[in-house]
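Participant: My questions all concern the structure below.
There are 2 protein chains.
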Amino acid sequence: MRPTSSAETFPANTPAASQVFTAVLSHGPLARLEVSRRVGLSPAAVTKAVRPLIEAGYLVEGADEEARPALGRPANLVRVDGGRALFIGVKVTGDEIIGVLTDLCCRVRVARHLPLPDRDPRTVLSGIAELVEQLLAETDGPAAPVLGLGIAVSGDVDRGEGTVRYSPFLEWRDVPLAELAAMTTGLPVTVDNDVRALTVAEQWFGAGAGLTDFAVVTVGAGIGCGLVVHGRVVAGAHGVAGEIGHVTVDPAGPLCHCGNRGCVEAIAGEAAIVRQVHEATGVRLTHPGEALALAREGVAGAREVYARAGEAIGRGIATVANLLGPERVIISGEGLAAYDLFAEQIRDAFVTAAFGSAAQCDVRTRPLPFEEWARGAAATAIQSFITPDTSR
Amino acid sequence: MRPTSSAETFPANTPAASQVFTAVLSHGPLARLEVSRRVGLSPAAVTKAVRPLIEAGYLVEGADEEARPALGRPANLVRVDGGRALFIGVKVTGDEIIGVLTDLCCRVRVARHLPLPDRDPRTVLSGIAELVEQLLAETDGPAAPVLGLGIAVSGDVDRGEGTVRYSPFLEWRDVPLAELAAMTTGLPVTVDNDVRALTVAEQWFGAGAGLTDFAVVTVGAGIGCGLVVHGRVVAGAHGVAGEIGHVTVDPAGPLCHCGNRGCVEAIAGEAAIVRQVHEATGVRLTHPGEALALAREGVAGAREVYARAGEAIGRGIATVANLLGPERVIISGEGLAAYDLFAEQIRDAFVTAAFGSAAQCDVRTRPLPFEEWARGAAATAIQSFITPDTSR
DNA sequence: GGGATTCTTTTCCGACGTCAATAAAAGAAG
DNA sequence: CTTCTTTTATTGACGTCGGAAAAGAATCCC
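As you go down the protein sequences, you meet chains A and B in turn. Quick note: to get the working numbering, add 301 to the position in the first sequence (first position is 1). Quick note: to get the working numbering, add 301 to the position in the second sequence (first position is 1).
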């Protein structure tokens with residue numbers, strides 16, 4: 302399967318180079334002096350760090366439009382040449398694999414689906430290989446090589462080892478996915494938890510850029526949460542972290558599949574909403590979209606279900622804010638399709654349950670295209686390429 | 302007030318020196334090679350970092366008892382000379398100031414109380430000055446100078462600035478406490494939130510030594526929580542963090558002073574327990590200890606109050622574990638006096654509400670002598686002395 | 001064409017940490 | 001008793017990285 306030869310690596314593996322590059326990556330075209338201010342290096346150090354990056358083609362000088370300052374020598378802006386390198390991100394779900402081809406700036410170029418007949422690791426692996434093959438065919442040529450493959454899987458994933466320790470959804474245990482995928486594709490592979498991958502994408506390329514403490518809350522089939530504290534994504538000592546979906550918001554609430562009562566997910570998860578709408582309206586629902594349709598039509602029982610879901614999510618976010626005091630919480634996920642139905646309740650519940658100035662936390666939403674999860678996987682690959690270690 | 306002259310500083314302000322010293326401080330006598338393994342430096346670097354520290358007297362060679370390995374050259378253990386320097390820690394509560402004199406290893410030598418007639422910053426400041434004066438009098442002489450003063454205050458404290466931004470308990474706003482105390486005492490002053498200070502003490506000298514991710518939960522008048530993530534104490538973007546006391550565990554629960562319902566603190570805080578025991582038994586209680594006494598006597602209503610309190614605390618801890626996945630949770634605080642009355646409930650509620658392997662988190666208790674809060678303050682002073690910046 | 005101002009680069013230098021070699025301190029083996 | 005093995009500690013050469021200061025560059029304003 303395609304020799305893929307070289308294994309091109311990032312020049313200058315010094316922390317300073319990574320910092321400088323990351324700053325330029327996250328904050329668009331920047332003057333060297335501005336970079337120096339941001340990362341706390343001397344201007345001279347920035348000049349020296351930038352040079353090899355320009356020589357290698359990762360950075361280029363000159364921006365499209367330079368907003369001239371009134372005084373002094375105009376800045377010589379530096380930006381990342383997105384087209385210099387490509388990455389592939391893959392998200393494995395229960396019934397399909399989604400893959401994207403992105404550039405170095407994590408902009409999606411091509412997105413592809415592949416249905417998944419079963420969840421056997423071999424099946425998934427060959428599916429990934431096929432998807433990667435398809436995406437590689439979309440490449441421009443050797444000028445923009447594909448430098449990494451990121452794979453996002455739900456569950457307990459050890460990114461350092463590149464193994465899936467336990468994924469209830471896929472029914473996997475201790476699958477050395479990175480190693481296997483590297484063998485079949487010949488690419489450097491990064492494997493991470495799906496929510497953390499999405500969080501990395503937000504941290505580097507999204508609404509978390511420049512923040513050291515924020516949270517990403519995903520609303521969909523499950524309710525997940527990625528946390529960035531002290532500038533680093535929280536992984537958890539035992540493979541569990543960010544389980545906002547299983548924060549209890551009502552000990553008398555509905556039973557959750559985790560065995561507990563009144564988890565956020567048992568109230569606001571997709572399955573829970575469908576079940577509750579059915580109970581409230583008596584309508585038989587065969588598809589999640591139908592619950593949403595009922596609420597949109599104004600059926601009171603359905604609307605109330607969404608309202609309660611919003612309240613649960615708002616409380617969950619308040620819990621995160623009370624414990625960690627993030628600067629921002631970014632709500633995302635497929636569930637945002639129903640955002641208008643519970644936006645108010647999320648906000649109200651958050652403000653009520655947030656303690657003191659935790660309520661100042663900036664809670665915002667971010668629409669999530671279907672390929673966003675795969676893009677998160679690509680972001681982890683880009684991160685691995687630039688900074689070999691997991692740390693900042 | 303006592304010139305205090307010199308302002309002795311830590312030699313070698315390089316990160317490596319701090320890391321080496323901290324490792325020796327937290328993990329008793331260590332061989333240089335062992336230090337090198339722990340902090341990831343080369344043996345040569347450790348040798349070079351240790352030398353100036355020995356010359357300055359902070360480290361000494363040779364331990365009391367060296368467990369000889371069977372083979373090879375025996376290690377030349379290095380440990381901190383606790384007596385080389387002293388620190389003062391002060392905790393300001395509503396009605397008194399507690400001060401301790403500790404050595405460099407944060408071992409308490411002397412502890413003193415001082416009643417506080419009112420909460421005016423001037424009164425508190427002169428109280429601190431008096432307490433510091435008393436503790437300075439216990440000093441051995443110039444061989445063991447007092448090198449720092451740590452002050453712990455509840456509320457929103459900016460450690461970097463050394464200001465109390467807002468303390469509801471003291472009714473303070475924007476008091477530049479570090480600056481003021483430095484002027485009156487002539488010592489380098491560190492000001493921090495009380496729970497965070499306690500957490501620093503655990504991180505460096507207690508059950509959190511060597512861990513990068515853990516939590517300290519304090520049970521007492523309030524329910525607080527200090528979090529260490531990625532090896533650093535979480536401060537929160539808006540001055541709020543670790544507010545486990547205001548995590549909602551029962552939306553139908555009793556009203557909390559924060560305006561919300563069913564907070565952990567509204568169920569398990571001291572005032573809440575007293576109120577609930579009164580409601581359950583009808584006995585008029587004039588002192589918190591009486592509630593405990595009733596429960597100890599086996600009065601069913603009182604016991605149930607404690608049981609519910611334990612359940613609330615256990616749920617709160619589970620929430621922390623679900624979100625952050627700490628390696629360990631350390632329960633401490635005056636409320637532990639009643640630990641036998643709710644230990645089981647804490648454990649049960651934790652195990653039930655913890656999601657998946659989050660239940661593997663090591664939850665343990667740690668008795669907390671009354672001067673422990675002040676010791677935490679001293680720990681922050683020691684930390685500031687060794688590492689000028691707040692980071693690791 | 002001078003300042004004035006701001007951004008960038010150059011040059012020098014010191015600090016720090018690794019590498020590789022060496023020394024040191026034991027017990028084990030013969 | 002000598003030599004080998006094993007482990008720990010130290011030394012000094014070397015390279016790298018980042019900072020300080022000064023010079024250079026590019027623009028606007030006067």
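C-beta: ideal position from N, C-alpha, C; glycine also. Here the structure is a predicted model, which means the values were calculated and not measured.
To which residues of the same chain is B/G451 closer than 6 Å at the C-beta, ignoring the five residues directly before and after it?
Facilitator: Residue mapping note: residue 451 of chain B aligns to position 150 of the second sequence, counting from 1. Around B/G451: G390, T491, A678, A679, T681, A682.
Participant: When you compare only the Cα positions, how much space is there between A/I687 and B/L642?
Facilitator: Translated into the one-based positions of the first sequence, residue 687 of chain A becomes position 386. Translated into the one-based positions of the second sequence, residue 642 of chain B becomes position 341. One C-alpha to the other measures close to 53 Å.
Participant: For the segment 627-652 of chain B, which residues have a beta carbon sitting closer than 7 Å to at least one beta carbon of chain A?
Facilitator: Per Cβ criterion, the list reads P627, E628.
Participant: What are the uninterrupted segments assigned as beta strand (DSSP E) that are 3 or more residues long and contained completely in the segment 361-427 of chain A, given in chain order?
Facilitator: The segment 361-427 of chain A contains these whole beta strand (DSSP E) runs: 379-381, 387-393, 397-404, 409-416.
Participant: Helix, strand or coil for A/A357? Go by DSSP, reduced to three states.
Facilitator: The residue you call residue 357 of chain A lines up with position 56 of the first sequence. Of the three classes helix, strand and coil, the one that applies to A/A357 here is coil, per DSSP.
Participant: Of the residues B/T348, B/G611, B/V541, which one's Cα is nearest the Cα of B/A332?
Facilitator: Your numbering for residue 332 of chain B matches position 31 in the second sequence. Out of B/T348, B/G611, B/V541, B/T348 has the C-alpha closest to the C-alpha of B/A332.
Participant: Hey, does B/I545 have any beta-carbon neighbour from chain A nearer than 8 Å?
Facilitator: Looking up residue 545 of chain B in the second sequence gives position 244. B/I545 counts as touching chain A.
Participant: Whole-angstrom Cβ separation of A/G570 and A/G615, contact assumed at under 8 Å?
Facilitator: Locating residue 570 of chain A in the first sequence gives position 269, counting from the first residue. Locating residue 615 of chain A in the first sequence gives position 314, counting from the first residue. Incorrect: roughly 15 Å between the Cβ atoms, too far for contact.
Participant: Out of B/A479, B/T486, B/T485, B/E503, which has the shortest C-alpha to C-alpha gap to B/D493?
Facilitator: The residue labelled residue 493 of chain B in the question sits at position 192 within the second sequence. B/D493 has its Cα closest to that of B/A479, out of B/A479, B/T486, B/T485, B/E503.
Participant: Do B/F322 and B/L354 have their C-beta atoms within less than 8 Å of each other?
Facilitator: Counting from 1 along the second sequence, the entry for residue 322 of chain B is found at position 21. Counting from 1 along the second sequence, the entry for residue 354 of chain B is found at position 53. Taking 8 Å as the Cβ cut-off, B/F322 and B/L354 qualify as a contacting pair.
Participant: Given that a residue counts as buried once 16 or more other Cβ atoms are within 10 Å of its Cβ, and exposed if not, what is A/D457?
Facilitator: Looking up residue 457 of chain A in the first sequence gives position 156. Per the 10 Å Cβ criterion, buried.
Participant: Is it buried or exposed for A/G740, if we count other Cβ within 10 angstroms and need 16 for buried?
Facilitator: One cannot answer for residue 740 of chain A here, as it falls past the ends of chain A, which runs 302 to 693.
Participant: Below 8 Å, can you find three or more Cβ-Cβ pairs linking the segment 509-521 of chain B to the segment 631-646 of chain B?
Facilitator: Segments in contact, yes.
Participant: Is A/V530 near B/V535, with beta carbons less than 8 Å apart?
Facilitator: In the first sequence, counting from the first residue as 1, residue 530 of chain A sits at position 229. In the second sequence, counting from the first residue as 1, residue 535 of chain B sits at position 234. The answer is yes: Cβ separation under 8 Å.
Participant: List the residues of chain A that B/H531 touches, going by C-beta distances under 7 Å, in chain order.
Facilitator: Residue numbering aside, residue 531 of chain B sits at position 230 when the second sequence is read from its first letter. Chain A residues near B/H531: V530, H531, R533.
Participant: Would you list the one or two residues that DSSP bridges to A/A516?
Facilitator: Working through the first sequence from its first residue, we reach residue 516 of chain A at position 215. Answer is A/L528, A/V630.
Participant: Quick one: using the 10 Å Cβ neighbour count with 16 as the cut-off for buried, is A/E673 buried or exposed?
Facilitator: Here residue 673 of chain A refers to the residue found at position 372 of the first sequence. When all chains shown are included, A/E673 counts as buried.
Participant: Indicate whether at least one CB of chain A lies closer than 8 Å to the CB of B/D551.
Facilitator: As a first step, residue 551 of chain B must be located in the second sequence, where it is residue number 250. Yes, B/D551 counts as interfacial toward chain A.
Participant: With a threshold of 8 Å between beta carbons, is A/V548 in contact with chain B?
Facilitator: For the purposes of this step, residue 548 of chain A is identified with residue 247 of the first sequence, where counting begins at 1. Yes, contact with chain B.
Participant: Rounded to whole angstroms, what is the Cα-Cα separation between B/F651 and A/V541?
Facilitator: The residue given as residue 651 of chain B occupies position 350 in the second sequence. The residue given as residue 541 of chain A occupies position 240 in the first sequence. Using only the alpha carbons, I get a separation of about 15 Å.
Participant: Using the Cβ count rule (16 or more neighbours within 10 Å means buried), how would you classify B/E544?
Facilitator: For the purposes of this step, residue 544 of chain B is identified with residue 243 of the second sequence, where counting begins at 1. Under this definition B/E544 is a buried residue.
Participant: Whose C-beta lies closer than 7 Å to the C-beta of B/M302 among residues of the same chain, with five residues either side of it excluded?
Facilitator: Residue numbering aside, residue 302 of chain B sits at position 1 when the second sequence is read from its first letter. Per-residue confidence for B/M302 stands at a pLDDT of 47, beneath the threshold of 50, marking its modelled position as unreliable; the derived number appears in the next sentence. Once the five neighbours on either side are set aside, the close Cβ partners of B/M302 are A430, T485, T486, G487.
Participant: Mind pulling the chain B residues with CB within less than 9 Å of A/C662?
Facilitator: On the first sequence, residue 662 of chain A is found 361 positions in, with the first residue counted as 1. Simply A538, H539, V541.
Participant: Going by the beta-carbon positions, is the gap between A/A508 and A/I631 smaller than 8 Å?
Facilitator: If you number the first sequence from 1, residue 508 of chain A lands on position 207. If you number the first sequence from 1, residue 631 of chain A lands on position 330. Contact flag set, yes.
Participant: I want to verify the contact list: residues of chain B whose CB lies under 7 Å from the CB of A/F656, in sequence order.
Facilitator: Taking the first sequence and counting its residues from 1, one reaches residue 656 of chain A at position 355. Chain B residues near A/F656: V541, E544, H547, C559.
Participant: Cβ atoms of B/R380 and B/L360: under 8 Å apart, would you say?
Facilitator: Locating residue 360 of chain B in the second sequence gives position 59, counting from the first residue. Locating residue 380 of chain B in the second sequence gives position 79, counting from the first residue. In contact: B/L360 and B/R380 (Cβ atoms closer than 8 Å).
Participant: Could you check what DSSP says for B/S337 in three-state terms: helix, strand or coil?
Facilitator: Numbered from 1 along the second sequence, position 36 holds the residue referred to as residue 337 of chain B. Here B/S337 sits in helix by DSSP.
Participant: So the candidates are B/V476, B/Y640, B/G449, B/V550; which of them puts its Cα closest to the Cα of B/E462?
Facilitator: Position 161 of the second sequence holds residue 462 of chain B. If we check each option's Cα against that of B/E462, B/V476 comes out closest.
Participant: Using CA atoms only, rank isn't needed, just tell me which of B/L624, B/A613, B/G611 is closest to A/G617.
Facilitator: As a position in the first sequence, residue 617 of chain A is number 316, starting the count at 1. A/G617 has its Cα closest to that of B/L624, out of B/L624, B/A613, B/G611.
Participant: Taking the beta carbon of B/P330 as the centre, do at least 16 other beta carbons fall within 10 Å, making it buried, or is it exposed?
Facilitator: Numbered from its first residue, the second sequence carries residue 330 of chain B at position 29. Classification for B/P330: buried.
Participant: Strictly by DSSP, which residues pair up with B/T491?
Facilitator: By one-based count along the second sequence, residue 491 of chain B stands at place 190. Beta-bridge pairing links B/T491 to B/G451.
Participant: Say whether chain B places a C-beta atom closer than 8 Å to the C-beta of A/V518.
Facilitator: Taking the first residue of the first sequence as position 1, residue 518 of chain A is located at position 217. No, A/V518 lies away from the interface with chain B (no Cβ there is under 8 Å from its Cβ).
Participant: For A/A594 and B/R466, I'd like the C-alpha separation in whole angstroms.
Facilitator: Numbered from 1 along the first sequence, position 293 holds the residue referred to as residue 594 of chain A. Numbered from 1 along the second sequence, position 165 holds the residue referred to as residue 466 of chain B. Spanning the two alpha carbons is a distance of roughly 49 Å.
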